[in-house]
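Single-structure report; data block below.
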Amino acid sequence: MSAVIEIAGLRKSFHSARQGRRVAVDGFDLLVEAGQIHGFLGPNGSGKTTTLRALLGLVGADEGRMSVLGASSPERLPEVAGRVGAIVESPQFFGNFTARKTLRLLAVAGGVPTSRVDEVLEQVGLRDRGGERVKGYSLGMRQRLAVASALLKNPELLILDEPANGLDPAGIREMRDLMRSLAAAGVTVLLSSHILAEIQLICDHVTIISRGRRVAHGRVDEVLAGYDQHQWRVVVAAPDRAAELLGMAGVSVTTLADQLVVTGVDDPELISRTLGEQGLWVRELVPLRPDLESVFLELTGAHPQPAVPRQVDGGVPPEGPDGPLIDLDVRETREVGA
Amino acid sequence: MRLVRAEVERLAARRFVQLMVVLLLAAFAVTVVTTLAGSHRPSVAELTRAQAQAAEAVRELEMQHDRCLAIKAGTTTPVETDYIPRDCSEVDPALMERLPTSADYLSGVFVFGHEAEGLLYFLIAFLALFGFLVGASYIGADLNSGGVVNLLLWRPQRRAVLGAKLGTLLGAVLALAAVASAAYLAVFWLIGQFAGRPGQPDWAALGVTHGRGLVLVLLTAALGFAIATLGRHTSAALGTVAAYLVVWELGARLVFDILSVSRPERLMLSTYLGAWLAGEVRFFDSASCASVTETFCDASYTIGWAPGMVVLVGLTVALVLAAFAAFRRRDLI
Numbered sequence: 001m002s003a004v005i006e007i008a009g010l011r012k013s014f015h016s017a018r019q020g021r022r023v024a025v026d027g028f029d030l031l032v033e034a035g036q037i038h039g040f041l042g043p044n045g046s047g048k049t050t051t052l053r054a055l056l057g058l059v060g061a062d063e064g065r066m067s068v069l070g071a072s073s074p075e076r077l078p079e080v081a082g083r084v085g086a087i088v089e090s091p092q093f094f095g096n097f098t099a100r101k102t103l104r105l106l107a108v109a110g111g112v113p114t115s116r117v118d119e120v121l122e123q124v125g126l127r128d129r130g131g132e133r134v135k136g137y138s139l140g141m142r143q144r145l146a147v148a149s150a151l152l153k154n155p156e157l158l159i160l161d162e163p164a165n166g167l168d169p170a171g172i173r174e175m176r177d178l179m180r181s182l183a184a185a186g187v188t189v190l191l192s193s194h195i196l197a198e199i200q201l202i203c204d205h206v207t208i209i210s211r212g213r214r215v216a217h218g219r220v221d222e223v224l225a226g227y228d229q230h231q232w233r234v235v236v237a238a239p240d241r242a243a244e245l246l247g248m249a250g251v252s253v254t255t256l257a258d259q260l261v262v263t264g265v266d267d268p269e270l271i272s273r274t275l276g277e278q279g280l281w282v283r284e285l286v287p288l289r290p291d292l293e294s295v296f297l298e299l300t301g302a303h304p305q306p307a308v309p310r311q312v313d314g315g316v317p318p319e320g321p322d323g324p325l326i327d328l329d330v331r332e333t334r335e336v337g338a
Numbered sequence: 339m340r341l342v343r344a345e346v347e348r349l350a351a352r353r354f355v356q357l358m359v360v361l362l363l364a365a366f367a368v369t370v371v372t373t374l375a376g377s378h379r380p381s382v383a384e385l386t387r388a389q390a391q392a393a394e395a396v397r398e399l400e401m402q403h404d405r406c407l408a409i410k411a412g413t414t415t416p417v418e419t420d421y422i423p424r425d426c427s428e429v430d431p432a433l434m435e436r437l438p439t440s441a442d443y444l445s446g447v448f449v450f451g452h453e454a455e456g457l458l459y460f461l462i463a464f465l466a467l468f469g470f471l472v473g474a475s476y477i478g479a480d481l482n483s484g485g486v487v488n489l490l491l492w493r494p495q496r497r498a499v500l501g502a503k504l505g506t507l508l509g510a511v512l513a514l515a516a517v518a519s520a521a522y523l524a525v526f527w528l529i530g531q532f533a534g535r536p537g538q539p540d541w542a543a544l545g546v547t548h549g550r551g552l553v554l555v556l557l558t559a560a561l562g563f564a565i566a567t568l569g570r571h572t573s574a575a576l577g578t579v580a581a582y583l584v585v586w587e588l589g590a591r592l593v594f595d596i597l598s599v600s601r602p603e604r605l606m607l608s609t610y611l612g613a614w615l616a617g618e619v620r621f622f623d624s625a626s627c628a629s630v631t632e633t634f635c636d637a638s639y640t641i642g643w644a645p646g647m648v649v650l651v652g653l654t655v656a657l658v659l660a661a662f663a664a665f666r667r668r669d670l671i
């Protein structure tokens with residue numbers, strides 16, 4: 001498969017007189033191939049949005065190479081911009097313009113037939129509200145409008161930053177179906193989101209970023225498999241006795257109230273046979289597979305600690321050659337602080 | 339071209355622009371109505387009386403000039419109330435820019451030739467304000483609301499996007515200013531024809547003032563656009579102008595006055611603005627005559643339209659170039 005997005009060694013820092021230098025992205029790599037629905041995950045302030053902005057030419061990179069649809073970015077971005085639909089963070093629109101007018105102006109500027117406006121409004125479920133002023137829209141409706149603006153070009157590549165932001169459960173499901181139908185039609189999708197269950201449901205590939213660096217990437221099932229500890233949840237009548245027996249069989253066991261968590265067992269038959277031979281009958285034997293959330297929390301160090309407010313992306317600024325480097329995406333910090 | 343088309347639509351759809359156009363029309367309508375209400379076609383008797391008064395005034399000027407010449411020749415003794423200039427050509431009616439006309443003695447009659455220049459200055463002032471505010475809000479609101487980011491996702495060419503916006507703004511403002519001023523003068527000319535007197539307008543002078551006014555309108559629009567681009571917000575442009583007026587035009591002028599700085603007007607933008615629009619401005623420099631006690635000293639000095647143009651165009655071009663340079667390198671977050 002051909003690479004649709006390639007980022008190698010991307011580095012971006014922001015400078016301010018008051019706060020000094022802040023590294024937002026620190027040698028980040030990303031590869032998205034044609035036809036993928038690629039999830040892009042990271043905690044607040046990890047550099048996701050900065051990466052997407054750099055890729056789309058909205059912020060200048062300090063170092064690194066980027067290309068979109070084979071064209072180096074940002075130098076040759078104009079050559080492929082007509083084939084890329086993108087929304088970055090929560091896009092803002094003129095409140096006094098209607099959705100239809102907003103899209104029409106973009107269509108005119110981009111040389112897209114204005115007949116596409118009603119098609120995309122239909123696609124995102126805004127057909128009947130397209131004549132209303134955007135200032136009357138809810139957050140979810142604005143998000144739909146943003147997705148509509150990205151779809152307007154009939155893109156080959158869709159870059160969506162938090163597209164489900166503000167959507168209700170039905171809207172999230174609609175967005176999921178839309179992504180799938182677009183992927184089925186051959187559109188490559190790069191999807192940044194905090195809703196990990198959604199990513200796991202929709203995406204076939206994933207890249208996880210933390211502190212501006214890539215910490216995991218690959219097929220979703222392969223990334224998850226890498227963190228599979230072959231754990232099983234076991235419910236028996238006498239858990240203490242069962243733990244003793246399993247321990248004697250050389251198995252690692254953790255007792256949790258009235259159940260056991262057994263680790264490092266490939267074949268569950270070992271558990272049921274060991275206990276059954278001693279007259280202990282297994283009531284429940286459930287595999288504990290890692291999900292994206294647990295992998296994400298593990299990789300990004302974002303596990304919540306009781307009574308300890310978690311700081312943005314770990315909260316421990318890494319030391320750099322020029323003093324303390326705080327891994328912070330300014331916009332996302334604002335969201336967290338709000 | 340597509341970008342310009344979209345920008346023209348966007349500009350026309352802006353509420354602020356629509357509001358400013360409505361204000362322009364309202365000011366236009368109020369001026370027309372009040373002029374109409376305060377004017378009438380003069381009767382033959384009124385005209386005859388005004389013409390006689392004008393002729394009398396001209397005759398008095400001629401007599402004053404003749405008396406001046408006679409006093410200088412020593413054939414007449416001056417009295418206390420005589421005004422005797424150094425050179426009698428100063429009071430020579432033949433050399434005067436403008437002689438009294440019947441229009442000066444027609445009460446309640448709108449005389450187009452007499453009023454046209456003042457009306458044009460009023461319109462230019464309004465259009466310059468219009469240009470500045472629309473220029474600043476057009477880009478300021480776009481930068482602030484994320485509209486520019488949306489557009490750059492479609493056309494990732496910053497210079498082209500900003501250039502299309504500036505070009506659209508200047509084209510639209512010029513078109514509106516040209517149409518508005520032509521309509522404005524035409525309506526008042528008609529009022530002069532049918533509800534007053536046409537007078538004898540100096541069309542050449544009006545044309546020059548009109549041309550200079552249109553250039554000024556374009557410059558103020560570009561200035562508003564450039565300052566708002568640099569400051570990323572409409573209010574940056576408004577704040578900059580307010581700060582300049584208070585700190586420099588008022589505050590610094592006071593300080594210069596206290597320190598008796600020579601010719602402080604040369605340091606004020608308002609001087610060059612006035613010089614450009616009026617063709618020339620004359621100031622009095624008391625410091626230049628401070629050491630002269632006995633002989634005549636002309637303390638006045640003038641600044642013409644050419645330095646006015648250089649300063650205004652230079653400032654605008656510098657700010658526009660700075661805005662483009664800043665926008666090209668800026669991180670849009």
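Read top to bottom, the protein sequences are chains A and B. Mapping the first sequence onto the numbering used here, position 207 (from 1) lands on 207, and the numbers just tick up by one. Offset between the second sequence (1-based) and the numbering used here: plus 338. Ideal Cβ positions, reconstructed from N, Cα and C, are used throughout, including at glycine.
Residue-chain proximity (residue i, chain B), Cβ-Cβ < 8 Å
i, result
"A:Lys101", "yes"
"A:Leu297", "no"
"A:Asn96", "yes"
"A:Ile326", "Unreliable placement is indicated for A:Ile326, whose pLDDT of 32 sits below 50; the coordinate value is still reported in the next sentence. With 8 Å as the cut-off, A:Ile326 does not count as an interface residue toward chain B."
"A:Ala92", "The sequence shown places Gln at residue 92 of chain A, not Ala. At least one chain B Cβ lies under 8 Å of A:Gln92."
"A:Ser149", "yes"
"A:Pro169", "no"
"A:Pro74", "yes"
"A:Leu56", "yes"
"A:Gly337", "For A:Gly337, the pLDDT reaches just 30, beneath the cut-off of 50, and the residue's location in the model is therefore unreliable, although a value from the coordinates is still provided. Chain B, which has no Cβ nearer than 8 Å to the Cβ of A:Gly337, makes this no."
Top-ranked residue by Cα proximity to residue i, from the options
i, options, result
"B:Ala432", "B:Leu592, B:Asp404, B:Ala351, B:Phe354", "B:Asp404"
"B:Ala390", "B:Ala441, B:Leu556, B:Ser624, B:Ala408", "B:Ala441"
"B:Ala466", "B:Gly646, B:Thr413, B:Val511", "B:Val511"
"B:Ala559", "B:Ala663, B:Ile477, B:Pro423, B:Gly642", "B:Ile477"
"A:Leu167", "A:Gly20, A:Arg180, A:Leu157, A:His194", "A:His194"
"A:Val261", "A:Arg233, A:Ser272, A:Trp281", "A:Arg233"
"B:Leu437", "B:Ser427, B:Ala393, B:Ala350, B:Trp527", "B:Ala393"
"A:Val251", "A:Val235, A:Pro268, A:Asp258, A:Ala257", "A:Pro268"
"A:Leu30", "A:Val286, A:Ser210, A:Ala237, A:Gly226", "A:Ser210"
"B:Leu653", "B:Ser608, B:Ala574, B:Thr439", "B:Ser608"
"A:Ala61", "A:Asp204, A:Ile7, A:Gly20", "A:Ile7"
"B:Phe526", "B:Ala367, B:Ile462, B:Gly577, B:Leu552", "B:Ala367"
"B:Val619", "B:Ser638, B:Ala625, B:Ser626, B:Thr419", "B:Ser638"
Proximity test, Cβ basis, 8 Å: residue i and chain A
i, result
"B:Ser483", "yes"
"B:Arg604", "no"
"B:Phe348", "Residue identity differs from the one stated: residue 348 of chain B is Arg in this sequence, not Phe. Cβ-Cβ to chain A under 8 Å: yes for B:Arg348."
Residue i classed as buried or exposed, judged by whether at least 16 other C-beta atoms fall within 10 angstroms
i, result
"B:Cys324", "No answer is possible for residue 324 of chain B: it lies beyond the span of chain B, which begins at 339 and ends at 671."
"A:Lys135", "exposed"
"A:Ser2", "exposed"
"A:His15", "exposed"
"B:Glu331", "The requested residue 331 of chain B does not occur in the structure, where chain B is confined to residues 339 to 671."
"A:Gly85", "buried"
"B:Val360", "exposed"
Chain A residues whose Cβ lies nearer than 8 Å to that of residue i
i, result
"B:Gln495", "Pro78"
8 Å Cβ cut-off: residues of chain B touching residue i
i, result
"A:Gly110", "Arg340, Trp492, Arg493"
"A:Leu106", "Ala344, Asn488, Leu489, Trp492"
"A:Leu190", "What A:Leu190 touches in chain B: nothing, since even the nearest Cβ is about 14 Å away."
DSSP three-state assignment for residue i, whether helix, strand or coil
i, result
"B:Arg667", "helix"
"B:His571", "coil"
"A:His230", "coil"
"A:Ser16", "strand"
"A:Gln259", "strand"
"A:Glu75", "coil"
"B:Glu418", "coil"
"B:Asp636", "coil"
Partners in chain A for residue i, counting only beta-carbon separations shorter than 7 Å
i, result
"B:Ala351", "Phe97, Lys101"
"B:Leu489", "Ala109"
Neighbour list for residue i in chain B, Cβ cutoff strictly below 7 Å
i, result
"A:Ala81", "Trp492, Arg493, Pro494"
"A:Ala86", "Leu491"
Cross-chain neighbours of residue i in chain C, by beta carbon under 8 Å
i, result
"B:Arg667", "You won't find chain C in this structure, because its protein chains are A and B."
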